[in-house]
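There are 2 protein chains.
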Amino acid sequence: MSSKEKREITINDIAKELNISPSTVSRALNDNAKISEATKKKVKAVAQDLGYELNLVASSLSKNKTNVIGVIIPNIGSQFFAQALSGIQEKARENGYNVIICQTNESVEQEKEMTRVMNSARVDGLVCCLTMETKDVSHFGVFEKKGIPVAMFDRVSYAVPGPKIVVDNYEAAYTATEHLINLGCKRIAHLGGVTSSKVFSDRIEGFKDALSKNDLPLMPQFLLSSDLTEQDARDAMRIWLNLPEKPDGIVAASASSGLVIASSAKSAGLDLPEELSIISLGNERCNEFVTPSLSAVDMPGFDMGKTAITKLIECIKEEKVDSSITLKPIRLLIRNSSFKHK
Amino acid sequence: MSSKEKREITINDIAKELNISPSTVSRALNDNAKISEATKKKVKAVAQDLGYELNLVASSLSKNKTNVIGVIIPNIGSQFFAQALSGIQEKARENGYNVIICQTNESVEQEKEMTRVMNSARVDGLVCCLTMETKDVSHFGVFEKKGIPVAMFDRVSYAVPGPKIVVDNYEAAYTATEHLINLGCKRIAHLGGVTSSKVFSDRIEGFKDALSKNDLPLMPQFLLSSDLTEQDARDAMRIWLNLPEKPDGIVAASASSGLVIASSAKSAGLDLPEELSIISLGNERCNEFVTPSLSAVDMPGFDMGKTAITKLIECIKEEKVDSSITLKPIRLLIRNSSFKHK
DNA sequence: GCATCCTATGCAAGCGCTTGCATTATTTAT
DNA sequence: ATAAATAATGCAAGCGCTTGCATAGGATGC
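Chains A and G are the protein sequences, given in the same order. When you line the first sequence up against my numbering, it's residues 1 to 342, in that order. When you line the second sequence up against my numbering, it's residues 343 to 684, in that order.
Shown next as structure tokens:
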């Protein structure tokens, strides 16, 4: 029953077959210039015949590079990250890199563990998006020390060198808020993320500034900060809808919380967008399908992932360290959840 | 500017430091029973001090196992696959496996390419979900020959040995269709996937049988088969809504096509669910947020992924070949898009 | 007190590939 | 025709770790 695992075909087998040395075979397969076309042809033919397939493990060991890129992201479930991942994959494959992926589930502990794994796996480079809670980034120190480039996107830390691909979160929130203001909203609330994360504190700043620049008061109870879980969004709505003066506009710090907020508002019997305009920071496919369709500021996930890995690969190939910051443009998508008031 | 990559710390460094042999160090680090507790302690301490981290590449080469599992799926963007991936990841990590992931984007060519890559990477096992088009599965032959287990879920081929995790697609469609029938629908249409895929042909069969068992006619124009893209769904709706006798119930073969169908119906001015009931085969989070919320048959993605890798790991560890078929239960989720007629 | 047995450790080969250097065969220049 | 350069291939070490077998003490048995 146990399958008799036959020995792998190696370059030695090819060498023996042709009565040449393994090194010649290796060079032939790698199209080394010093090998004659004739032998290359022969070697490749025999390799084909024997069903030879390069052992990447052995190759990695001797070349001291693995051709794999590690990816650390909070979670694959979010559409933003799924898109980023697609962008990463695509470019990686194009360049002959394999990708090993880990999720942190927003846990700093797991993030640390993942860096250890990536280090052990001797990845040639790393692209990651930090958890919302990550403050201390010393676990990325190993890579700097060993000269392994680390590209970060979205949730980044400028304390670790390497390319950064970000979006202007201040602008995103500012634009979204101003959009609601232009629509005539006067009492605008914001469900924000944890303030320890720059992404979310920037959004909160953008929100605040948009209000003050437009001479609207910031009502303290209208600025809530949370982990942005579904329950958090529901709780926020419960609070807001019980206020004597309910908000007439809400800026949600994430796509998913925006969805929940809209849904809660509708269940509470509110007329959207007449009584309440909603816009979320982050767009998901679903936003188009709900009623009313949800306005959003779109963050270009695919593009960010793709740029991150593109820069990473440059760093790897040219053995340079590039700590440039790339700012990706965002798009205001006006849909039916935000509506001219009064 | 070029970072002076210092040599890696190896077990030899530890050995030298302690004046013992590298083999002892290796065994100590692996908690080999023949090594005294005393030396284990010393070795680990020094390893810690020096910042030693096992080189998995070297380890893999000498052990002839990599501790990585390859995953081949059509695309990460779909929620079903994202969930499956999460299940796979979780279990893999628990067991100390790394996961390398590739998307085929429903291209058979890419699927073949990916098997080559996985083979080169010498993965210890493979879990995959075939493309909709895959008929010939000879590219999986290498793994069988080498005794590398391959677990398949959802879109599987019984022509390749290994654990299969599936759902009864016939039943899913049958149940969904019968649900609409029970609601009083008389003119039920089905937007199906490509018939070359067992998943979708089973669904079509289930749909047909539910109709005939309930003495409802199958109107030929009510059974459409497609790639299930957004455009396909839109096209189908255009056809159906232009019919003199429009359908009063639709079974969509995928979550995303269901969403598009519902959205098209609403734009066309139909009253959902009064004039048209909709149910989709496959559930997404979004289904709860749209109006009306979309009924669906839920396919347990996370669970399927998790079971697939669990069985795979068993095969790896026990060096057995298990071609069992695991049938995962589906759930009928009745929401507001399907509604008592008449 | 000597043969016997553990216990803990070391030796060295080997995993499959790459690569600097040496070597041989073949041209080219003089 | 001979030195010098060039082209094509081979040798052997090395990547870092694992592991079968050998070995050296120390404990045990009678």
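Using N, Cα and C, we set each Cβ at its ideal position, and we do this for glycine too.
Note on geometry: alpha-carbon atoms of Asn406 of chain G and Glu53 of chain A lie some 15 Å from one another.
Residue ranges of uninterrupted alpha helix (DSSP H) with 4 or more members, entirely inside the region 189 to 224 of chain A and ordered along the chain, are 198 to 213.
When the beta-carbon positions are compared, Ile69 of chain A and Val160 of chain A stay at least 8 Å from each other.
In the DSSP assignment, Ser606 of chain G falls within the unbroken alpha helix (DSSP H) covering Ala597 to Ser609. Contact annotation, Ser606 of chain G with Arg576 of chain G: C-beta distance approximately 6 Å; criterion of less than 8 Å satisfied. Here Asp373 of chain G is near Lys382 of chain G, since their CB atoms are less than 8 Å apart. Of the candidates A:Leu130, A:Lys34 and A:Ala82, the residue whose Cα lies closest to the Cα of Asp303 of chain A is A:Ala82. Cα atoms of Leu61 of chain A and Val399 of chain G: separation of roughly 6 Å, rounded to the nearest angstrom. Per DSSP, Asp298 of chain A is one residue of the beta strand (DSSP E) stretching across Ser295 to Asp298.
Assignment of Ala172 of chain A by DSSP, reduced to helix, strand and coil, places it in the helix class.
Counting every other CB atom within 10 Å of its CB across the protein chains shown gives Pro559 of chain G a total below 16, marking it as exposed. When DSSP reads this structure, Gly249 of chain A sits in a beta bridge with A:Ile188 and A:Ser277. If you ignore the 5 residues before and after Pro615 of chain G, its C-beta comes within less than 7 Å of the C-beta of Pro634, Asn678, Ser679, Ser680 and Phe681, all in its own chain and listed in chain order. Of all alpha-carbon atoms in A:Val99, A:Ser26, A:Gln221 and A:Ala172, the one lying nearest the alpha-carbon of Asn67 of chain A is that of A:Val99.
Only Gly51 and Glu53 from the region 37 to 53 of chain A bring a Cβ to less than 8 Å from some Cβ of chain G.
Scanning chain G for C-beta atoms nearer than 7 Å to the C-beta of Val117 of chain A yields Asn440, reported in chain order. Within the region 613 to 636 of chain G, contact with chain A at the beta-carbon level (separation under 7 Å) is assigned to Cys628, Phe631, Val632 and Thr633. Taking C-alpha positions only, Leu281 of chain A is separated from Ile204 of chain A by approximately 11 Å.
Counting C-beta pairs closer than 8 Å gives fewer than three between the region 493 to 500 of chain G and the region 525 to 535 of chain G, which falls short of the contact rule. For Tyr158 of chain A, the closest alpha carbon among the candidates A:Lys146, A:Ala268 and A:Phe140 is that of A:Phe140. By alpha-carbon distance to Val450 of chain G, the top candidate from G:Thr476, G:Gly438, G:Met460 and G:Ala370 is G:Thr476. With a contact defined as Cβ atoms closer than 8 Å, Val46 of chain A and Leu18 of chain A qualify at about 6 Å.
Using beta-carbon distances, Ser605 of chain G counts as an interface residue toward chain A, with a partner under 8 Å. Taking Thr652 of chain G as reference, the option from G:Lys506, G:Ala357, G:Gly489 and G:Glu486 with the minimal CA-CA separation is G:Lys506. For Asn397 of chain G, the closest Cβ of chain A is nearer than 8 Å. For Gly77 of chain A, at least one C-beta of chain G is nearer than 8 Å to its own C-beta. Below the 8 Å Cβ cutoff, chain G contributes Val399 as neighbours of Ser60 of chain A, in chain order. Per DSSP, the beta-bridge partners of Ile507 of chain G are G:Phe495 and G:Thr668.
Beta bridge pairing from DSSP links Gln445 of chain G with G:Ile415. By a beta-carbon distance limit of 8 Å, Leu570 of chain G contacts Ser599 of chain G. Their separation comes to about 5 Å.
Gly393 of chain G sits in coil when the DSSP states are folded into three classes, being neither helix nor strand.
Judged by their CB atoms, Val593 of chain G and Ala515 of chain G are nearer to each other than the 8 Å cut-off. DSSP places Arg580 of chain G in the helix class (H, G or I) of the three-state scheme. With the criterion set as a beta carbon lying under 9 Å from some beta carbon of chain G, the members of the region 126 to 157 of chain A are Val142, Glu144, Lys145, Lys146, Gly147 and Ile148, in sequence order. For Val410 of chain G, the three-state secondary structure derived from DSSP is strand.
Counting only Cβ-Cβ distances below 7 Å, Ile443 of chain G has contacts in chain A at Val99 and Ile101, in chain order.
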